[in-house]
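Visitor: I am attaching a structure below and will ask some questions about it afterwards.
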Amino acid sequence: MCIPIDDAAMLCWLRQQVRVLEAWREELACRPEIEIAMVTRLERHYAWLTSEIMRLEMPGRAA
Numbered sequence: 028m029c030i031p032i033d034d035a036a037m038l039c040w041l042r043q044q045v046r047v048l049e050a051w052r053e054e055l056a057c058r059p060e061i062e063i064a065m066v067t068r069l070e071r072h073y074a075w076l077t078s079e080i081m082r083l084e085m086p087g088r089a090a
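For the sequence shown, position 16 matches number 43 in my numbering, and the numbering has no gaps at all.
What follows is the structure, given as structure tokens:
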């Protein structure tokens, strides 16, 4: 069973997650013991999330 989700509220929440990832990126950049694998995973997730947000914001998108 699918539960309807308020698109505006969901997009707001997703944008907040992007801001959290951006803060995490800044924190990682300041650490001398940075792990490249962690940065790679974070960047991959950031790219995926931002592309999903753009897709959801497109007018006339398929549900």
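Positions of the beta carbon are idealized from the N, C-alpha and C atoms, including for glycine. Model, not experiment: these values are computed from the prediction.
In whole angstroms, what separates the C-alpha of residue 49 from that of residue 86?
Guide: 26 Å
Visitor: In angstroms, rounded to a whole number, what distance separates the CA positions of residue 63 and residue 39?
Guide: 30 Å
Visitor: Tell me whether the beta-carbon of residue 76 lies closer than 8 Å to the beta-carbon of residue 65.
Guide: no
Visitor: Please list the terminal residues of the continuous alpha helix (DSSP H) segment that includes residue 63.
Guide: 63 to 84
Visitor: Go ahead and pull the three-state DSSP assignment for residue 46.
Guide: Three-state result, residue 46: helix.
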